[in-house]
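Asker: Structure below; questions to follow.
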Amino acid sequence: MAAGSPKIPVRFDKIQKYFGTVKVLEEFDLDIAPGEFLVLLGASGSGKTTALRILSGLETATAGRVLIGDRDVTNVLPKYRDISMVFQSYALYPHKTVAENIGFPLKVRKVAKAEMNSAIREAAAQVQLEDLLDRYPRELSGGQRQRVALARAIIRRPSVFLMDEPLSNLDAKLRGYMRAELKHMQQTLGTTTIFVTHDQIEAMTLAHRVAILERGVLQQLATPAETYNDPANLFVAQFIGSPPMNTVRGSLEGRHFRTNGARIEAPVGGRVDKAILGVRPEDCSVVAPARGTLKGVIYTSELIGDHTLVTVDNGHDKLIVKAPKDFNGNQGDAIGVALRREHLYVFDATTGKRIR
Amino acid sequence: MSTASFKFDKADRSLMERLFEPPAVGKISPAASLVAHFLLIVWSLFVLFPIYWVIITSFKNAVTVNLGPFYIPFLDFQPDLDAWRTQFNTEPNCNFLGIARQFGLFFYNTFAVIISPLAEIQPMDPQICKIYHAFTNSIVVSIFSTAFCIAIGSMAAYALARIQYKPKFGNIMMFVGLTVLVIFATSYAGVPWWASSAVALALFFFLVRAFGKHFKRSLGNGDILFWIISQRILPPIVVVIPIYIMFQAVGLLDTHLALIIVYAVANLPIVVWLMHDFFANLPIELEESAQLDGATRLGIFWEIVLPLTRPGLAATTLLTLILNWNEYLFAVFLAYAKVQTMPIMVAAKNAGEKGIFWWEMSAIIVIMIIPVILMAILLTRFISRGVLLGAVKG
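In structure tokens:
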């Protein structure tokens, strides 16, 4: 199956989209490599679903072009774009059996019955649904419905897969399982896939590259590791990572970052009156008050299992620190936070841009 | 809050509280239950008594009706079959052969009307007793008009639910203006109707191409929908005479076709209005998914949308069928002799100076009720079923 699968590039070329006077996408440029698993990540209202729908043809762009392969499909009907889509709600046909649902794309193309049946069987086998072919969607669990939707998407071997938050209706455990399944399937088929989600963990685990959108503007397009270790701006820094990156308000003066009476050696130099220092919880550590770069009191501490999250209030900001699981401290205890210099990020507070 | 206000034990509560408070969530209080049952019983009597009365009256005769009122058969009066015999036994051709011939006649005469501009075919005359005649007429007219009405209406409703129309207000006004001009040209200037219409149509397309883009104001789907339902606000009696004249002009008076067309048009607004709501409430992802899977718009309508709106479709069909079955006003004007329907038969039993033949009228009414009940039983099977279960979400 992996062999003959087409690997097709996709390109958004200066796409603009307005709903009335509301701007949803602004000069949206995105090149997706053949066979790539690209995740469009953003909060609700960021324009990620709109971008996907413009690619699918269900929505038309106000300006700009969409290219699939080397064909300009901007004004092509959805059914001629050779794409298939998995919807957040799965969109299964409730009056058709699992087999009829999976076979629908072939049925409308008038594929011969025998050929269709073997294709249904093959697609169902890929998502472990062989035993449920005669059931109706209402008789299936959420995860099984999700797999029917996947099988319906893969049966046709389209050039591009579109997935609109396909995992968000599943419970946490199943989501993790389906995530792995999805990644494996995409790797096997090698079909270009565009996956929309608001869940940064899905983005990190699935993507070859992540495109982070905010208010219709592309913030960063990079591999998951790059978005995590080298965020382009404050928005990306705070969006990626769980718990999110800590931010400390202050000012950058020369090689030092000054906040609430503390002076922190910064990785960059410059002079910015309103700056933000970013540091990830795992790059902080709790120490005795006297030895900490920042001093404060324990606001709360939460045992996660393999570690403890300690929230420290320094009177100005709250920082989450990833501490060892045997950390013991009570609310209100004085405590110090040590920061690792090589893992600090400085942002301009007014523009949100990273200061490098 | 103090615990004193909680009355966990039944004994703590007063009689009034126990009467007027529901015993559990999702139940109604004893007092409300009493009132509800009383009202329901009164309502049922109100609804069922006329049916009972019609049925027993159909087994009365002139004497038992005029000496009445008698309420209980065998006790109050001796039922007999006089009224029924008058319908079925006194006239010729009251047999199934008559019915079969009548259906053949329907298709033959419709064909004759359709082909009349090309060739002259003499329409057949019915040879059947009155009651069968009216019954077959009613069946043919209501089934065909309902079928047309549902087919056209549901497609229109689907289009209005899923496609955004923006007719320009100026274009509509131009069309209206040209229509008025055609009427003037035809009736005052003696221009043949086909010539004036053709010129007006050509002019309309030209004007729309030339000036259409300059018009700013346009209407939306909501306006179109309101325009359609507004056709129904007009009382039919207002338009019945113009409609009579129209059908007279095309020579369709007293034909099945006339009734079918008029009934279909008259009920179209109701079908569009009702079905629009059912279509609009379908999750659009199903259709979008089918669209991406390669289905055509008509294919999606037929294979995805219609099966999923079956309950609504069945309810609308039933409603339209009943409206058509009971229609009287248009039938009186358009079907005075050869295509009389059941409601006209009923009304005809009010025989002027001889008084009203209540017993015969009741017999005809009973015959009229039976098919409606059968249809209702048949269609309710489709009405209450959760077809959308499992479509979206987990």
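Protein sequence lines correspond, in order, to chains W and D. Take the numbering used here: the last position of the first sequence gets the number 1492, and nothing is skipped along the way. Take the numbering used here: the last position of the second sequence gets the number 388, and nothing is skipped along the way. Glycine residues also receive a C-beta, built at the ideal position from the N, C-alpha and C atoms.
#1: Compute the Euclidean distance between the alpha carbons of W/R1345 and W/V1244, then round it to the nearest angstrom.
#2: Judging by CA-CA distance, which residue of D/A194, D/W78, D/F327 is the nearest neighbour of D/I235?
#3: Pull up the distance between the alpha-carbon of D/W353 and that of D/F53, whole angstroms please.
#4: Using a Cβ cut-off of 9 Å, which residues of the segment 1179 to 1199 of chain W contact any Cβ in chain D, in chain order?
#5: According to DSSP, simplified to helix, strand and coil, what is W/G1140?
#6: Closer than 8 Å, CB to CB, is D/P277 near chain W or not?
#7: Which residues of the segment 1212 to 1235 of chain W have a Cβ closer than 7 Å to any Cβ of chain D? Give them in chain order.
#8: Please say whether W/P1425 and W/I1456 have beta carbons closer to each other than 8 Å?
#9: Which residue comes first and which comes last in the beta strand (DSSP E) that contains D/G98?
#10: From this set, D/L372, D/L368, D/T374, D/M355, which residue's C-alpha is nearest D/I49's C-alpha?
#11: Output needed in chain order: residues of the segment 254 to 286 of chain D with a Cβ under 8 Å from some Cβ in chain W.
#12: Whole angstroms are fine: how far does the CA of W/D1484 sit from the CA of D/L268?
#13: Give me the chain W residues within the contact set of D/L393, using Cβ-Cβ distance strictly less than 9 Å, ordered along the chain.
#14: Quick one: does W/V1247 have its CB under 8 Å from some CB of chain D?
#15: Does DSSP put D/D3 in a helix, in a strand, or in coil?
#16: Rounded to whole angstroms, what's the CA-CA distance from W/T1341 to D/S27? Just pull it up for me.
#17: Beta-carbon within less than 6 Å of D/I125's beta-carbon, same chain only, minus the 5 sequence neighbours each way: which residues are those?
#18: Compute the beta-carbon to beta-carbon distance between D/S139 and D/Y238, rounded to the nearest angstrom, for a pair I have assumed lies under 8 Å.
#19: Check whether the Cβ atoms of W/F1164 and W/F1148 lie closer than 8 Å to each other.
#20: If we ignore side chains and look at the alpha-carbon of each, how far apart do W/K1458 and W/T1359 end up?
#21: Since I believe W/A1373 is in contact with W/G1406 (beta carbons under 8 Å), could you give me their beta-carbon distance rounded to a whole number of angstroms?
#22: Looking at chain W, is there any beta carbon in it that lies within less than 8 Å of the beta carbon of D/G306?
#23: Quick one: what's got a C-beta closer than 6 Å to D/L115's C-beta in the same chain, skipping five residues either side?
#24: Name the DSSP bridge partner or partners of D/F71?
#25: Once you ignore the five residues that flank W/D1208 on each side, which residues in its own chain have a CB closer than 6 Å to its CB?
#26: Note down the Cα distance separating W/E1317 from W/A1285, rounded to an integer number of angstroms.
#27: Starting from the beta carbon of D/A400, find every residue of chain W whose beta carbon is closer than 9 Å, and list them in chain order.
#28: Have a look at D/W187 and D/N165 and give me their C-alpha separation to the nearest angstrom.
#29: Threshold first: 3 residues or longer. Then list the beta strand (DSSP E) segments lying entirely within the segment 239 to 315 of chain D, N to C.
#30: Check the Cβ-Cβ distances between D/A289 and every residue of chain W, and say whether any is below 8 Å.
#31: Using a C-beta to C-beta distance shorter than 9 Å, which residues of chain D count as neighbours of W/F1331?
#32: Please state if the CB of W/I1204 and the CB of W/R1189 are separated by a distance shorter than 8 Å.
#33: Assign D/L28 to one of three DSSP states: helix, strand, or coil.
#34: Return the Cβ separation of D/I73 and D/C123 in integer angstroms, given the expectation that the two are a contact with Cβ distance under 8 Å.
#35: In whole angstroms, what separates the C-alpha of W/K1143 from that of W/T1324?
#36: Does D/S125 come within less than 8 Å of chain W when only Cβ atoms are used?
Answerer: Once the coordinates are examined:
#1: Between W/R1345 and W/V1244, the C-alpha separation is close to 34 Å.
#2: For the options D/A194, D/W78, D/F327, the alpha carbon positioned closest to that of D/I235 is the one of D/F327.
#3: So the two alpha carbons sit approximately 7 Å from each other.
#4: Answer in chain order: R1189, S1192, G1193, L1194.
#5: At W/G1140, the pLDDT of 48 sits below 50, so the modelled position is not reliable; the number obtained from the coordinates is stated separately. When secondary structure is reduced to three states using DSSP, W/G1140 falls in the coil class, being assigned neither helix nor strand.
#6: Chain W has a Cβ within less than 8 Å of the Cβ of D/P277.
#7: Under the 7 Å Cβ criterion, the segment 1212 to 1235 of chain W contributes P1214, K1215, I1219, S1220, M1221, F1223, S1225, Y1226, A1227, L1228, Y1229, P1230, H1231.
#8: Going by C-beta atoms, W/I1456 is not nearer than 8 Å to W/P1425.
#9: Here D/G98 belongs to no beta strand (DSSP E); instead the alpha helix (DSSP H) covers 90 to 109.
#10: Selected option, being the one with the closest Cα: D/M355.
#11: Flagged, chain order: P277, E279, L280, E282, S283, A284, Q285, L286.
#12: Answer to the nearest angstrom: the Cα atoms are 58 Å apart.
#13: Because residue 393 of chain D is not part of the residues shown, which for chain D are -5 to 388, the question remains open.
#14: It does not; no Cβ of chain D falls within 8 Å.
#15: DSSP places D/D3 in coil when its eight states are reduced to three.
#16: Taking the straight line joining both Cα atoms gives about 59 Å.
#17: Counting only Cβ-Cβ distances below 6 Å, and skipping sequence neighbours, we find Q81.
#18: The Cβ separation is near 18 Å, so there is no contact.
#19: The Cβ atoms of W/F1164 and W/F1148 lie closer than 8 Å to each other.
#20: Answer to the nearest angstrom: the Cα atoms are 24 Å apart.
#21: Contact flag wrong, Cβ pair sits at about 18 Å.
#22: Chain W contact via Cβ: absent.
#23: The question names Leu, yet the displayed sequence has Ile at residue 115 of chain D. Cβ neighbours of D/I115 beyond the five flanking positions: A106.
#24: Answer by DSSP bridge pairing, in chain order: D/P67.
#25: Only R1201 meet the Cβ criterion.
#26: Taken atom to atom, the span from the alpha-carbon of W/E1317 to that of W/A1285 is near 14 Å.
#27: Any property of residue 400 of chain D remains undetermined from this structure, which presents chain D solely from -5 to 388.
#28: So the alpha carbons of these two residues sit roughly 22 Å apart.
#29: If one requires a minimum length of 3 residues, no beta strand (DSSP E) run lies completely within the segment 239 to 315 of chain D.
#30: Yes, contact with chain W.
#31: Within 9 Å Cβ-Cβ: nothing; W/F1331 doesn't reach chain D, min ~16 Å.
#32: Contact check for W/R1189 against W/I1204 fails: the beta carbons are separated by 8 Å or more.
#33: If DSSP states are grouped into helix, strand and coil, D/L28 belongs with the helices.
#34: It should be pointed out that residue 73 of chain D corresponds to Pro in this sequence rather than to Ile. About 23 Å separates the two Cβ atoms, so there is no contact after all.
#35: Answer to the nearest angstrom: the Cα atoms are 12 Å apart.
#36: The question names Ser, but residue 125 of chain D is Ile in the sequence shown. False, the Cβ-Cβ gap to chain W never drops below 8 Å.
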